[in-house]
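A short write-up of the structure that comes next.
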Amino acid sequence: MAHLRQSGYDGVPAQSVLCGDAIIMEALRPDDGWRWRAEAETLDDYVWAAAEKFAKLETIPLPADSFAIEPSCISFIKEGWQTIDEQVVAQLYQILPDFLNQMTPHSQAVTQDLLTDLPSLQRTGIQPNRFHLQAFCHHDIRQSNIAWHPEHGSRLVDWSWSGPGQPGSDITSLLIDLHKSGHDVSPYRDMINLNHCLKLIGFWLNHATWPYHGKNTIRFQQFLSALSAYEILRA
46 MAHLRQSGYD GVPAQSVLCG DAIIMEALRP DDGWRWRAEA ETLDDYVWAA
96 AEKFAKLETI PLPADSFAIE PSCISFIKEG WQTIDEQVVA QLYQILPDFL
146 NQMTPHSQAV TQDLLTDLPS LQRTGIQPNR FHLQAFCHHD IRQSNIAWHP
196 EHGSRLVDWS WSGPGQPGSD ITSLLIDLHK SGHDVSPYRD MINLNHCLKL
246 IGFWLNHATW PYHGKNTIRF QQFLSALSAY EILRA
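When you line the sequence shown up against this note's numbering, it's residues 46 to 280, in that order.
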């Protein structure tokens with residue numbers, strides 16, 4: 046986060062210190078007006094404040110000392126459509142009955158549509174990326190990683206996935222998460238990067254089939270994220 050502050054970026058907590066394996070940062074407390082979930086009454090302000098921070102982030106040069114690990118945007122492809130084969134699809138069908146029992150009738154119907162479209166989505170999803178990775182992106186945007194204040198705007202936390210990506214990736218991830226929470230995101234459709242949306246469908250579908258210990262809550266939420274991305278893509 047130091048690189049972002051040095052670049053004049055104000056979309057991060059004002060202070061943070063690395064202490065061993067933990068980061069100690071400025072507290073953005075609800076008691077002080079910071080909100081960690083979007084609310085219907087202030088959704089428009091919430092979305093535009095976040096979009097402003099994403100747009101500014103995309104203009105900042107990537108740090109020279111970036112870790113020599115595979116960028117998240119590449120992992121979205123390799124751990125997504127490129128990995129979904131007949132075995133993964135079979136695993137998906139195996140876990141679906143439990144997922145369907147937890148869904149609304151609407152989501153159950155969308156799931157059936159997704160399964161029907163799966164071959165077509167995969168054919169498109171595995172095609173070579175035609176876009177340059179020219180933007181600095183957070184890559185793990187969801188409501189729980191954004192603190193929003195009506196007067197101070199948005200602050201983004203948890204930057205472990207950040208790196209190069211396509212413009213519009215972060216606002217796309219946020220709108221998918223908001224749709225998943227039941228918010229109407231149709232007024233912001235022009236902001237969505239449909240290519241990134243398609244990537245995330247494959248990434249989350251594949252991850253939903255990964256082994257787990259205990260309850261399958263995380264895998265179910267990953268599937269719901271894929272479902273929300275699919276609904277946005279086909280709208």
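By construction, the Cβ of each residue, glycine as well, lies at the ideal position given by its N, Cα and C atoms.
Values in this document were obtained by computation on a predicted structure and should not be read as measured data.
Between the alpha carbons of residue i and residue j, how many angstroms are there, rounded?
| i | j | result |
| --- | --- | --- |
| E97 | S214 | 13 Å |
| L102 | H48 | 11 Å |
| K277 | D162 | For clarity, residue 277 is Ile in the given sequence; the question names Lys instead. Roughly 14 Å separates the two Cα atoms. |
| E86 | V92 | 12 Å |
| P58 | D76 | 16 Å |
| I164 | P256 | Here residue 164 is Pro; the residue named in the question, Ile, does not match the sequence. C-alpha separation (whole angstroms): 23 Å. |
| G198 | A94 | 6 Å |
| W193 | R80 | 5 Å |
| S226 | Q179 | 30 Å |
| H151 | W249 | 20 Å |
| I140 | K260 | 13 Å |
| L131 | S52 | Sequence check: residue 131 is Glu here, not Leu. Those two C-alpha atoms are separated by around 46 Å. |
| L272 | Q157 | 10 Å |
| D55 | K123 | 32 Å |
| V230 | F181 | 24 Å |
| L145 | V155 | 11 Å |
| F265 | E84 | 23 Å |
| Q167 | P232 | 28 Å |
| A120 | A135 | Inspection of the sequence shows that residue 120 is occupied by Ser rather than by Ala. Taking the straight line from one Cα to the other gives about 22 Å. |
| E196 | P108 | 29 Å |
| Q153 | P106 | 43 Å |
| R279 | D235 | 14 Å |
| D90 | M46 | 25 Å |
| A100 | H228 | 22 Å |
| P142 | T128 | 22 Å |
Closer than 6 Å by C-beta to residue i: which residues in its own chain qualify, once you throw out the five before and the five after it? Chain order, please.
| i | result |
| --- | --- |
| Y275 | L159 and I246 |
| V202 | N190 |
| S117 | H184, W206 and G208 |
| H252 | Q267 |
| M148 | none |
Could you name the residues that DSSP lists as bridge partners for residue i?
| i | result |
| --- | --- |
| P308 | Because the chain in this structure spans residues 46 to 280, residue 308 falls outside the shown range and cannot be described. |
| G247 | Its beta-bridge partners do not exist; DSSP assigns none. |
| F181 | P209 |
| G198 | H194 |
| Q80 | Reading off the sequence, residue 80 comes out as Arg, not Gln. Beta-bridge pairing links R80 to W193. |
I'd like the span of the alpha helix (DSSP H) that includes residue i, first residue to last.
| i | result |
| --- | --- |
| H224 | S214 to K225 |
| R168 | P150 to G170 |
| W93 | L88 to L102 |
| T262 | T262 to R279 |
| H48 | A47 to Q51 |
| D143 | E131 to L145 |
| S231 | Taken as a continuous stretch (DSSP letters only), S231 belongs to no alpha helix (DSSP H), as it is neither H nor E. |
| I122 | S117 to K123 |
Between which two residues does the beta strand (DSSP E) holding residue i run?
| i | result |
| --- | --- |
| W193 | I191 to H194 |
By Cβ distance below 8 Å, which residues in the same chain neighbour residue i in space, the five residues on each side in sequence not counted?
| i | result |
| --- | --- |
| S205 | D185 |
| I237 | G213, I216, T217, L220 and I277 |
| Q188 | W81, R82, A83, L219, D222, L223 and S226 |
Tell me, to the nearest whole angstrom, how far the beta carbon of residue i is from that of residue j; I am working on the premise that it is less than 8 Å.
| i | j | result |
| --- | --- | --- |
| I171 | W126 | 5 Å |
| L88 | T169 | So it is not a contact: roughly 31 Å between Cβ atoms. |
| T262 | L137 | The pair is not a contact, with the Cβ atoms about 17 Å apart (cut-off 8 Å). |
Who are the Cβ neighbours of residue i in its own chain at under 7 Å, not counting the five residues just before and after it?
| i | result |
| --- | --- |
| L269 | K225 |
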